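What follows is a set of notes on a single structure, which appears directly below.
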Amino acid sequence: MVEEHVPVIRDYPACFDSGAEYGRWVQMARHSPPTPGHSYCEDCTIEYQTNMIKQGRCGFPSTLFINNVGMRSAEAIHKLTGRRPYHRNAK
Numbered sequence: 015m016v017e018e019h020v021p022v023i024r025d026y027p028a029c030f031d032s033g034a035e036y037g038r039w040v041q042m043a044r045h046s047p048p049t050p051g052h053s054y055c056e057d058c059t060i061e062y063q064t065n066m067i068k069q070g071r072c073g074f075p076s077t078l079f080i081n082n083v084g085m086r087s088a089e090a091i092h093k094l095t096g097r098r099p100y101h102r103n104a105k
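As numbered in the numbering used here, residues 15 to 105 make up the sequence shown, in order.
In structure tokens:
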């Protein structure tokens, strides 16, 4: 198995611990791109966002978490997708 080179990105979002961690996200996003306008917030979780807000590291604290039918849901956390509010109608 050939190991892919993981880019280290100098200017990375504060919610990532390192440029290497963000580089891994970018690499995976090439295989499964997020919805335009939502970027890495699409892969966030409610728990991680809460921690990042407490640490002052969340760049988009108004991101909402919706289920696949576009409604907020506390019951289906494993199916939630992060949506930045100004792109709320994007699926």
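Think of the CB as a built atom: it goes at the ideal place given N, C-alpha and C, for glycine as much as any other residue. Since the model is a prediction, treat every value here as computed from it, not as a measurement.
query: In chain order, what are the residue ranges of uninterrupted alpha helix (DSSP H) at least 4 long that sit wholly in the stretch 21–51?; result: 33–45
query: So what's Thr95 in DSSP terms, helix, strand or just coil?; result: strand
query: With 16 other CB atoms within 10 Å as the buried threshold, where does Ser76 fall?; result: exposed
query: Just tell me which of Arg24, Asp31, Pro21 and Ile23 has its CA closest to the CA of Asn65.; result: Asp31
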